[in-house]
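Residue numbers (my numbering): 43 to 286.
Note that beta-carbon positions come from the ideal geometry of N, C-alpha and C, so glycine has one too.
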Amino acid sequence: MVQYRPHTTVVLAMSVDGKIADARREPARFGSRADKAHLEKQIAASDAVIFGAGTLRAYGTSLTVSHPKLLQQRTQEGKPTQPVHIVITHSAKLDPEIHFFKQPIRRWLLTTTVGELFWQGGLQARTPTLGNRAQEYPPEFEQILVFETPTGQVDTLAALQHLTTLGITRLVVLGGGELVASMLELDLIDEFWLTVCPLILGGAIAPTPVEGTGFLPELAPRLQLLEVQTVEQEVFLHYRLQRS
(Lines of atoms letter the chains of each structure in order from A and count residues from 1; the text may use other names and numbers.)
(Lines give C-alpha, C1' and ligand atoms only; values in the text may rest on other atoms or scores of the structure.)
Protein backbone atom coordinates (compact mmCIF):
# COMPACT_ATOMS: atom_id res chain seq x y z
CA MET A 1 0.00 0.00 0.00
CA VAL A 2 1.40 3.40 -0.98
CA GLN A 3 1.58 5.79 1.94
CA TYR A 4 0.23 9.24 1.26
CA ARG A 5 2.95 11.90 1.53
CA PRO A 6 4.13 15.03 -0.31
CA HIS A 7 5.64 14.78 -3.78
CA THR A 8 9.34 15.16 -2.98
CA THR A 9 12.08 16.57 -5.21
CA VAL A 10 15.78 16.83 -4.39
CA VAL A 11 17.44 19.93 -5.86
CA LEU A 12 21.23 20.12 -5.63
CA ALA A 13 24.23 21.56 -7.47
CA MET A 14 27.37 19.48 -7.69
CA SER A 15 30.81 19.50 -9.26
CA VAL A 16 31.65 17.35 -12.28
CA ASP A 17 33.08 14.76 -9.88
CA GLY A 18 29.88 14.67 -7.86
CA LYS A 19 30.75 16.83 -4.82
CA ILE A 20 28.25 19.24 -3.25
CA ALA A 21 30.93 20.98 -1.16
CA ASP A 22 34.68 20.85 -0.70
CA ALA A 23 36.54 18.71 1.83
CA ARG A 24 36.14 21.44 4.47
CA ARG A 25 32.36 21.29 3.94
CA GLU A 26 32.20 25.02 3.34
CA PRO A 27 29.13 26.48 1.61
CA ALA A 28 28.91 25.48 -2.04
CA ARG A 29 28.66 28.74 -3.93
CA PHE A 30 30.02 27.49 -7.25
CA GLY A 31 26.67 27.52 -9.04
CA SER A 32 25.99 30.27 -11.56
CA ARG A 33 23.18 32.81 -11.62
CA ALA A 34 21.28 30.41 -13.86
CA ASP A 35 21.59 27.68 -11.24
CA LYS A 36 20.38 30.01 -8.49
CA ALA A 37 17.42 31.06 -10.66
CA HIS A 38 16.65 27.39 -11.31
CA LEU A 39 16.76 26.64 -7.59
CA GLU A 40 14.51 29.59 -6.80
CA LYS A 41 12.01 28.38 -9.41
CA GLN A 42 11.87 24.94 -7.79
CA ILE A 43 11.45 26.47 -4.34
CA ALA A 44 8.67 28.73 -5.62
CA ALA A 45 6.79 25.69 -6.95
CA SER A 46 6.85 23.99 -3.53
CA ASP A 47 4.74 24.22 -0.42
CA ALA A 48 7.77 23.63 1.79
CA VAL A 49 11.52 23.06 1.63
CA ILE A 50 13.41 20.81 4.01
CA PHE A 51 17.11 20.62 4.85
CA GLY A 52 19.35 19.16 7.52
CA ALA A 53 21.01 21.02 10.35
CA GLY A 54 24.43 20.62 8.72
CA THR A 55 23.24 22.43 5.61
CA LEU A 56 21.80 25.23 7.72
CA ARG A 57 25.00 25.56 9.77
CA ALA A 58 27.07 25.77 6.58
CA TYR A 59 25.02 28.54 4.98
CA GLY A 60 23.42 30.24 7.99
CA THR A 61 20.45 31.14 5.84
CA SER A 62 17.89 29.71 3.41
CA LEU A 63 17.07 30.78 -0.14
CA THR A 64 13.79 32.67 -0.39
CA VAL A 65 11.60 33.51 -3.37
CA SER A 66 12.44 37.01 -4.59
CA HIS A 67 11.71 37.15 -8.33
CA PRO A 68 8.57 39.27 -8.91
CA LYS A 69 7.05 36.83 -11.41
CA LEU A 70 7.48 33.90 -9.03
CA LEU A 71 6.00 35.89 -6.16
CA GLN A 72 3.07 36.91 -8.35
CA GLN A 73 2.52 33.33 -9.45
CA ARG A 74 2.36 32.10 -5.85
CA THR A 75 -0.08 34.87 -4.96
CA GLN A 76 -2.31 34.03 -7.93
CA GLU A 77 -2.35 30.40 -6.80
CA GLY A 78 -3.52 31.48 -3.35
CA LYS A 79 -0.25 30.52 -1.68
CA PRO A 80 1.83 32.51 0.82
CA THR A 81 4.68 34.38 -0.85
CA GLN A 82 7.19 32.02 0.77
CA PRO A 83 7.01 28.27 1.30
CA VAL A 84 7.56 26.84 4.77
CA HIS A 85 11.23 26.22 5.63
CA ILE A 86 11.69 23.02 7.64
CA VAL A 87 14.88 22.11 9.51
CA ILE A 88 15.22 18.40 10.27
CA THR A 89 17.62 17.55 13.09
CA HIS A 90 17.93 14.95 15.82
CA SER A 91 19.63 17.23 18.34
CA ALA A 92 18.26 20.70 17.41
CA LYS A 93 21.62 22.19 18.36
CA LEU A 94 21.25 25.31 16.27
CA ASP A 95 22.62 28.79 16.73
CA PRO A 96 19.65 31.15 17.26
CA GLU A 97 21.78 34.10 16.18
CA ILE A 98 22.25 33.03 12.55
CA HIS A 99 20.54 35.07 9.85
CA PHE A 100 18.08 32.26 9.12
CA PHE A 101 16.10 33.25 12.21
CA LYS A 102 15.80 36.83 10.97
CA GLN A 103 14.47 35.96 7.52
CA PRO A 104 10.78 36.78 6.89
CA ILE A 105 9.73 33.15 6.45
CA ARG A 106 7.73 30.51 8.26
CA ARG A 107 10.12 28.17 10.07
CA TRP A 108 9.28 24.69 11.34
CA LEU A 109 11.51 22.35 13.34
CA LEU A 110 11.28 18.60 12.75
CA THR A 111 13.07 16.80 15.54
CA THR A 112 13.01 14.23 18.34
CA THR A 113 11.98 14.47 21.98
CA VAL A 114 15.61 15.14 22.86
CA GLY A 115 15.83 17.89 20.25
CA GLU A 116 12.58 19.51 21.41
CA LEU A 117 13.76 19.59 25.02
CA PHE A 118 17.15 20.98 24.04
CA TRP A 119 15.71 23.72 21.84
CA GLN A 120 12.95 24.77 24.24
CA GLY A 121 15.38 24.70 27.15
CA GLY A 122 17.73 26.97 25.26
CA LEU A 123 14.85 29.27 24.34
CA GLN A 124 13.82 29.64 27.97
CA ALA A 125 17.40 30.38 28.94
CA ARG A 126 17.53 33.14 26.34
CA THR A 127 14.15 34.67 27.22
CA PRO A 128 14.73 38.12 28.80
CA THR A 129 12.86 38.77 32.02
CA LEU A 130 11.69 41.91 33.76
CA GLY A 131 11.01 41.30 37.44
CA ASN A 132 8.78 38.26 37.63
CA ARG A 133 7.30 38.78 34.15
CA ALA A 134 8.78 37.34 31.04
CA GLN A 135 8.92 39.77 28.17
CA GLU A 136 7.61 38.71 24.79
CA TYR A 137 10.27 36.78 22.91
CA PRO A 138 9.65 36.02 19.23
CA PRO A 139 9.57 32.25 18.66
CA GLU A 140 12.30 31.04 16.33
CA PHE A 141 10.06 28.26 15.03
CA GLU A 142 6.37 28.56 14.24
CA GLN A 143 5.93 24.84 14.84
CA ILE A 144 7.99 22.11 16.45
CA LEU A 145 7.09 18.71 15.02
CA VAL A 146 8.26 15.70 17.03
CA PHE A 147 8.29 12.36 15.22
CA GLU A 148 10.56 9.69 16.65
CA THR A 149 11.44 6.10 15.84
CA PRO A 150 11.85 3.49 18.61
CA THR A 151 15.63 4.04 18.34
CA GLY A 152 15.28 7.76 19.03
CA GLN A 153 15.88 9.03 15.50
CA VAL A 154 13.61 11.34 13.52
CA ASP A 155 10.77 9.32 11.98
CA THR A 156 10.90 10.93 8.55
CA LEU A 157 8.19 8.73 7.04
CA ALA A 158 5.64 9.55 9.74
CA ALA A 159 6.63 13.21 9.58
CA LEU A 160 6.09 13.45 5.82
CA GLN A 161 2.74 11.73 6.12
CA HIS A 162 1.78 14.31 8.75
CA LEU A 163 2.91 17.18 6.53
CA THR A 164 0.11 16.37 4.10
CA THR A 165 -2.43 17.11 6.85
CA LEU A 166 -0.82 20.56 7.15
CA GLY A 167 -1.29 21.36 3.47
CA ILE A 168 2.19 20.37 2.27
CA THR A 169 1.75 18.52 -1.03
CA ARG A 170 5.02 19.46 -2.78
CA LEU A 171 8.29 19.27 -0.85
CA VAL A 172 11.78 20.26 -2.02
CA VAL A 173 14.85 18.73 -0.35
CA LEU A 174 17.89 21.04 -0.27
CA GLY A 175 20.40 18.70 1.40
CA GLY A 176 22.55 17.48 2.76
CA GLY A 177 23.70 14.11 1.58
CA GLU A 178 22.84 12.28 4.82
CA LEU A 179 19.23 13.46 4.63
CA VAL A 180 18.94 12.50 0.96
CA ALA A 181 20.40 9.06 1.69
CA SER A 182 18.00 8.40 4.55
CA MET A 183 15.02 9.47 2.46
CA LEU A 184 16.13 7.27 -0.45
CA GLU A 185 16.38 4.29 1.90
CA LEU A 186 12.79 4.92 2.95
CA ASP A 187 11.65 5.42 -0.67
CA LEU A 188 10.58 9.00 0.04
CA ILE A 189 12.13 10.68 -3.02
CA ASP A 190 10.22 11.13 -6.29
CA GLU A 191 12.51 13.32 -8.43
CA PHE A 192 16.02 14.75 -8.66
CA TRP A 193 17.16 18.02 -10.22
CA LEU A 194 20.96 17.95 -10.35
CA THR A 195 23.02 20.83 -11.71
CA VAL A 196 26.47 19.73 -12.91
CA CYS A 197 28.84 22.68 -12.52
CA PRO A 198 32.12 22.99 -14.47
CA LEU A 199 34.69 22.37 -11.74
CA ILE A 200 36.34 19.44 -9.96
CA LEU A 201 36.57 19.57 -6.17
CA GLY A 202 37.96 16.12 -5.34
CA GLY A 203 38.67 15.04 -1.79
CA ALA A 204 37.88 11.68 -0.25
CA ILE A 205 35.80 13.26 2.52
CA ALA A 206 34.08 15.95 0.45
CA PRO A 207 30.29 15.40 0.68
CA THR A 208 28.25 14.05 -2.21
CA PRO A 209 24.51 14.29 -2.99
CA VAL A 210 23.93 10.92 -1.30
CA GLU A 211 25.96 10.01 1.78
CA GLY A 212 25.13 7.25 4.29
CA THR A 213 26.33 3.66 3.88
CA GLY A 214 25.49 3.44 0.19
CA PHE A 215 23.60 0.88 -1.87
CA LEU A 216 24.64 -2.42 -3.41
CA PRO A 217 24.15 -2.43 -7.20
CA GLU A 218 21.21 -4.84 -7.10
CA LEU A 219 19.45 -2.65 -4.49
CA ALA A 220 20.45 0.75 -5.84
CA PRO A 221 17.59 3.15 -6.65
CA ARG A 222 17.09 3.41 -10.41
CA LEU A 223 16.36 6.68 -12.19
CA GLN A 224 14.62 7.66 -15.41
CA LEU A 225 16.05 10.67 -17.21
CA LEU A 226 13.23 13.12 -17.95
CA GLU A 227 15.11 16.07 -19.46
CA VAL A 228 18.51 17.65 -19.98
CA GLN A 229 19.10 21.39 -20.20
CA THR A 230 22.38 23.12 -20.92
CA VAL A 231 22.94 26.74 -19.92
CA GLU A 232 26.40 28.01 -20.83
CA GLN A 233 28.79 25.66 -18.98
CA GLU A 234 26.25 23.99 -16.66
CA VAL A 235 24.08 20.95 -17.29
CA PHE A 236 20.70 20.56 -15.58
CA LEU A 237 19.60 16.93 -15.18
CA HIS A 238 16.02 16.03 -14.28
CA TYR A 239 15.39 12.47 -13.10
CA ARG A 240 12.44 10.52 -11.79
CA LEU A 241 12.74 7.54 -9.45
CA GLN A 242 11.73 4.31 -11.14
CA ARG A 243 9.31 2.18 -9.17
CA SER A 244 7.97 -1.26 -10.03
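About 6 Å separates the Cβ atoms of A55 and A70, confirming a contact at the 8 Å cut-off. For T50, the enclosing beta strand (DSSP E) starts and ends at 49-57. When the Cα atoms are used, R75 and H141 turn out to be separated by approximately 22 Å. Excluding sequence positions up to five before and after L226, its CB lies within less than 7 Å of the CB of V252, P263, all in the same chain and listed in chain order. Taking Y46 as the centre and dropping the five residues before and after it, the same chain places the C-beta of Q203, T206 closer than 8 Å to its C-beta, in chain order. Minimum Cα-Cα distance from G245 among the listed residues E82, L265, A65 corresponds to A65. Between P249 and I92, the gap from beta carbon to beta carbon reaches 9 Å or more. In the DSSP assignment, G217 falls outside any beta strand (DSSP E), carrying neither H nor E.
By the neighbour-count definition (other C-beta atoms within 10 Å, threshold 16), S104 is a buried residue. Residue state for E233 is assigned as strand, using DSSP reduced to three classes. By the criterion of at least three beta-carbon pairs nearer than 8 Å, the segment 151-165 is in contact with the segment 122-137. If you check the CB distance, G218 and T97 come in under 9 Å.
When the Cα atoms are used, L216 and F234 turn out to be separated by approximately 11 Å. DSSP places Q114 outside any beta strand (DSSP E); the residue lies instead in the alpha helix (DSSP H), whose first and last residues are 110-118. Counting only the Cα atoms, L279 lies some 8 Å from V238. Annotation for L268: the continuous beta strand (DSSP E) segment containing it runs 265-273. Taking 9 Å as the cut-off, the Cβ atoms of P110 and R212 do not count as close. For T97, no beta strand (DSSP E) segment is defined; the enclosing uninterrupted segment is the alpha helix (DSSP H) at 95-101. Partner residues in the beta bridge of I130, as assigned by DSSP, are G94, L152. Between the alpha carbons of P138 and E260 lies a gap of roughly 43 Å. DSSP links F278 through a beta bridge to T237, Q271. Going by C-alpha positions, V58 is about 15 Å away from E274. The beta-bridge partner set that DSSP reports for E190 consists of V196.
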